[in-house]
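Novice:
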Amino acid sequence: MKELQPVNQNVLIELTEDSHEEKTAGGIIIPDSAKAKKNIGKVAAISNVENPEIAVGDMVLYKEFSGNEVEFEGKKYLLLPYADILSKVVETDEI
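Residue numbers (full-length UniProt numbering): 1 to 95.
1) For the beta strand (DSSP E) holding P6, just list the boundary residues, first then last.
2) Figure out for me which residue from N8, A25, I13 has the closest Cα to the Cα of V60.
3) Among residues of its own chain, excluding the 5 on either side of V49, which ones have a beta-carbon nearer than 7 Å to its beta-carbon?
4) Using 10 angstroms around the beta-carbon of V43, count the other beta-carbons present and answer buried if the total reaches 16, otherwise exposed.
5) Let me make sure I understand the geometry here. Which of I85, M1, E91 has the alpha-carbon closest to that of E53?
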(Lines of atoms letter the chains of each structure in order from A and count residues from 1; the text may use other names and numbers.)
(Lines give C-alpha, C1' and ligand atoms only; values in the text may rest on other atoms or scores of the structure.)
Protein backbone atom coordinates (compact mmCIF):
# COMPACT_ATOMS: atom_id res chain seq x y z
CA MET A 1 0.00 0.00 0.00
CA LYS A 2 1.21 3.50 -0.80
CA GLU A 3 0.47 6.67 1.12
CA LEU A 4 1.35 10.33 0.88
CA GLN A 5 3.56 11.68 3.66
CA PRO A 6 3.94 15.47 3.67
CA VAL A 7 7.38 17.03 4.30
CA ASN A 8 8.70 20.58 4.98
CA GLN A 9 5.97 21.51 7.47
CA ASN A 10 3.10 20.72 5.12
CA VAL A 11 -0.28 19.21 5.91
CA LEU A 12 -2.28 16.82 3.74
CA ILE A 13 -6.02 17.57 3.75
CA GLU A 14 -8.54 15.04 2.44
CA LEU A 15 -11.09 16.79 0.26
CA THR A 16 -14.68 15.61 0.09
CA GLU A 17 -16.69 16.05 -3.05
CA ASP A 18 -20.20 17.42 -3.26
CA SER A 19 -21.83 15.12 -5.75
CA HIS A 20 -25.26 16.72 -5.63
CA GLU A 21 -26.37 18.98 -8.47
CA GLU A 22 -27.09 22.61 -7.58
CA LYS A 23 -29.75 24.66 -9.35
CA THR A 24 -30.78 28.28 -9.09
CA ALA A 25 -34.38 29.25 -8.32
CA GLY A 26 -34.91 29.66 -12.08
CA GLY A 27 -33.77 26.08 -12.76
CA ILE A 28 -30.28 26.86 -14.11
CA ILE A 29 -27.77 24.12 -13.23
CA ILE A 30 -24.56 25.45 -11.63
CA PRO A 31 -21.50 23.56 -12.94
CA ASP A 32 -18.79 22.39 -10.52
CA SER A 33 -16.31 24.85 -12.03
CA ALA A 34 -18.51 27.79 -11.01
CA LYS A 35 -19.14 26.67 -7.44
CA ALA A 36 -17.26 28.26 -4.59
CA LYS A 37 -14.72 25.86 -3.11
CA LYS A 38 -15.11 24.86 0.50
CA ASN A 39 -12.10 25.58 2.64
CA ILE A 40 -12.77 22.96 5.31
CA GLY A 41 -11.25 19.50 5.20
CA LYS A 42 -10.09 16.52 7.23
CA VAL A 43 -6.39 16.23 8.14
CA ALA A 44 -5.00 13.07 6.52
CA ALA A 45 -1.32 13.53 7.44
CA ILE A 46 1.07 16.08 8.99
CA SER A 47 4.78 16.47 8.38
CA ASN A 48 7.25 16.92 11.24
CA VAL A 49 5.90 20.08 12.89
CA GLU A 50 7.04 21.11 16.36
CA ASN A 51 4.09 21.22 18.81
CA PRO A 52 1.27 20.91 16.23
CA GLU A 53 -2.12 22.16 17.33
CA ILE A 54 -3.91 19.70 15.07
CA ALA A 55 -3.89 15.92 14.66
CA VAL A 56 -4.74 13.43 11.94
CA GLY A 57 -8.53 13.17 11.73
CA ASP A 58 -9.24 16.77 12.81
CA MET A 59 -11.46 18.97 10.67
CA VAL A 60 -9.74 22.26 9.89
CA LEU A 61 -10.46 25.58 8.21
CA TYR A 62 -7.67 26.70 5.87
CA LYS A 63 -6.90 29.79 3.79
CA GLU A 64 -8.79 30.16 0.56
CA PHE A 65 -6.65 29.65 -2.59
CA SER A 66 -3.94 27.91 -0.56
CA GLY A 67 -2.01 24.77 -1.35
CA ASN A 68 -1.92 22.38 -4.28
CA GLU A 69 -4.66 19.93 -5.15
CA VAL A 70 -3.44 16.41 -5.88
CA GLU A 71 -5.18 13.18 -6.76
CA PHE A 72 -3.69 10.00 -5.34
CA GLU A 73 -5.15 6.53 -5.75
CA GLY A 74 -8.59 7.86 -6.61
CA LYS A 75 -8.87 10.36 -3.73
CA LYS A 76 -8.47 14.13 -3.87
CA TYR A 77 -6.18 15.88 -1.42
CA LEU A 78 -4.89 19.36 -0.75
CA LEU A 79 -1.25 19.76 0.24
CA LEU A 80 -0.71 23.07 2.03
CA PRO A 81 1.71 24.75 4.46
CA TYR A 82 0.96 24.24 8.15
CA ALA A 83 0.84 28.05 8.56
CA ASP A 84 -2.15 28.24 6.18
CA ILE A 85 -4.41 26.40 8.63
CA LEU A 86 -6.58 29.02 10.30
CA SER A 87 -8.52 27.00 12.86
CA LYS A 88 -9.68 23.61 14.02
CA VAL A 89 -13.39 22.83 13.71
CA VAL A 90 -14.68 21.44 17.01
CA GLU A 91 -18.12 20.43 18.19
CA THR A 92 -19.34 21.96 21.43
CA ASP A 93 -22.38 21.48 23.60
CA GLU A 94 -25.05 24.13 23.59
CA ILE A 95 -25.37 26.18 26.75
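Just so you know, even glycine gets a beta-carbon here, dropped at the ideal spot from N, CA and C.
Specialist: With the given structure in hand:
1) As a working note, residue 6 is residue 6 in the sequence shown. Careful: P6 lies outside any beta strand (DSSP E) and carries neither H nor E.
2) Taking the sequence shown and counting its residues from 1, one reaches residue 60 at position 60. Measuring from the Cα of V60, the nearest candidate turns out to be I13.
3) Position 49 of the sequence shown, counted from the first residue, corresponds to residue 49. Cβ within range, chain order: Q9, Y82.
4) Within the sequence shown, the letter at position 43 stands for residue 43. That one is buried.
5) The residue given as residue 53 occupies position 53 in the sequence shown. Comparing Cα-Cα distances from E53 to each of I85, M1, E91, the minimum goes to I85.
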